[in-house]
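In my numbering, the protein residues as written are 676 to 927. In this text, a Cβ means the ideal position worked out from N, Cα and C, and glycines have one as well. In what follows, a single structure is set out as structure tokens and then discussed.
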């Protein structure tokens, strides 16, 4: 198995899940008691949720756990290994869909819980695009998605396209929603207050007046009294469109 230095040089092959070596270090008597990978990973998730990806560091994590930074390297080779472990751990929050349900409902359940995951853990989006996503929880989610897409009745050659259409949409929707929720919280405003403030700023700019006027009827027809209601209507209808599209292509 490649060394940590080799793994940095060959990033396309890098994954904590591909490193099956036994620990190369022997635990010293002064190593913290009760520390293990699971505890370190859980603390990593809490820190990422609270402070974000940009502020995360091994030193900050060590302070959170009240250990030395070097202690962490008895359990992981690199910070990336730890981020990959954290990423996979939160995929376990996605419950498997009901096996007896129609594929429409199973697809909606997976899409909805994936969206919620992206909003709840805003740091998941960039990490999911960075790592191979081959941990056990991530793979279980992938298998569940594939099972639902197989149940659509689409020809095999079309199934990956359907999978991409649905879950790339959810990835983008959830990522943007998560950023909006975060920006509202950082501004000390509710989502509705933040939205109204943003729209007020746009309407006050003469160069945007034509755009605002042309889209007003669209916004009025959108419906919903709150930002969350408007977003929920958009998500539900977009998912209905994708499901209808899958059915139409299958029937062709």
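- Just list the alpha helix (DSSP H) runs in the stretch 799 to 833, keeping only unbroken ones of 4 residues or longer that don't cross its boundaries, in chain order. 799 to 803, 811 to 826
- Message: Please report the straight-line C-alpha distance between residue 750 and residue 712, rounded to a whole angstrom.
- Response: Here residue 750 refers to the residue found at position 75 of the chain shown. Here residue 712 refers to the residue found at position 37 of the chain shown. Cα-Cα distance, rounded: 6 Å.
- Item | Residues of its chain near residue 915, where Cβ-Cβ distance is below 8 Å and the 5 sequence neighbours each way are ignored | On the chain shown, position 240 is the one that residue 915 refers to. Taken in chain order, the list of residues that qualify is empty.
- Write down the C-beta distance between residue 740 and residue 715 rounded to the nearest angstrom, noting that I regard them as a contact closer than 8 Å. Position 65 of the chain shown, counted from the first residue, corresponds to residue 740. Position 40 of the chain shown, counted from the first residue, corresponds to residue 715. At roughly 7 Å, the Cβ-Cβ gap stays under 8 Å, so residue 740 and residue 715 are in contact.
- State the CB to CB distance for the pair residue 794 and residue 853, rounded to an integer number of angstroms; the pair is presumed to be in contact (CB under 8 Å). Here residue 794 refers to the residue found at position 119 when the chain shown is read from its first residue. Here residue 853 refers to the residue found at position 178 when the chain shown is read from its first residue. Sure, about 4 Å apart at Cβ, within 8 Å.
- Are the CB atoms of residue 963 and residue 802 nearer to each other than 8 Å? Any property of residue 963 remains undetermined from this structure, which presents the chain solely from 676 to 927.
- For residue 827 and residue 925, believed in contact at Cβ under 8 Å, the rounded distance: Here residue 925 refers to the residue found at position 250 of the chain shown. Here residue 827 refers to the residue found at position 152 of the chain shown. Right, the Cβ-Cβ distance comes to about 6 Å (below 8 Å), so this counts as a contact.
- Message: Rounded to the nearest angstrom, what separates residue 760 and residue 810 at their Cα positions?
- Response: Along the chain shown, one-based indexing puts residue 760 at 85. Along the chain shown, one-based indexing puts residue 810 at 135. Whole-angstrom Cα-Cα distance: 8 Å.
- Item | Reduced DSSP category for residue 900 - H, G, I as helix; E, B as strand; rest coil | On the chain shown, position 225 is the one that residue 900 refers to. Here residue 900 sits in coil by DSSP.
- Return the first residue and the last residue of the alpha helix (DSSP H) that residue 770 is part of. If you number the chain shown from 1, residue 770 lands on position 95. Taken as a continuous stretch (DSSP letters only), residue 770 belongs to no alpha helix (DSSP H), as it is neither H nor E.
- Three-pair Cβ contact test at 8 Å for the stretch 810 to 824 versus the stretch 832 to 839: yes
- Let me know if residue 896 comes out buried or exposed under the rule of 16 or more other beta-carbons within 10 Å of its beta-carbon. Locating residue 896 in the chain shown gives position 221, where the first residue counts as 1. The residue in question, residue 896, is exposed, as its Cβ has fewer than 16 Cβ neighbours within 10 Å.
- Does DSSP put residue 877 in a helix, a strand or coil? For the purposes of this step, residue 877 is taken as residue 202 along the chain shown, with counting starting at 1. The answer is helix: DSSP assigns residue 877 an H, G or I state.
- Minimum C-alpha distance to residue 815 - residue among 770, 899, 719, 890: Within the chain shown, the letter at position 140 stands for residue 815. Ranking the options by Cα distance to residue 815, first place goes to 770.
- Item | Short Cβ contact (8 Å threshold) for residue 812 with residue 767 | What you label residue 812 is simply residue 137 of the chain shown in a count that begins at 1. What you label residue 767 is simply residue 92 of the chain shown in a count that begins at 1. It is a contact, given that the beta carbons lie within the stated cut-off.
- Could you tell me if residue 797 is buried or exposed, where buried requires 16 or more neighbouring beta carbons within 10 angstroms of its beta carbon? Within the chain shown, the letter at position 122 stands for residue 797. So residue 797 counts as buried.
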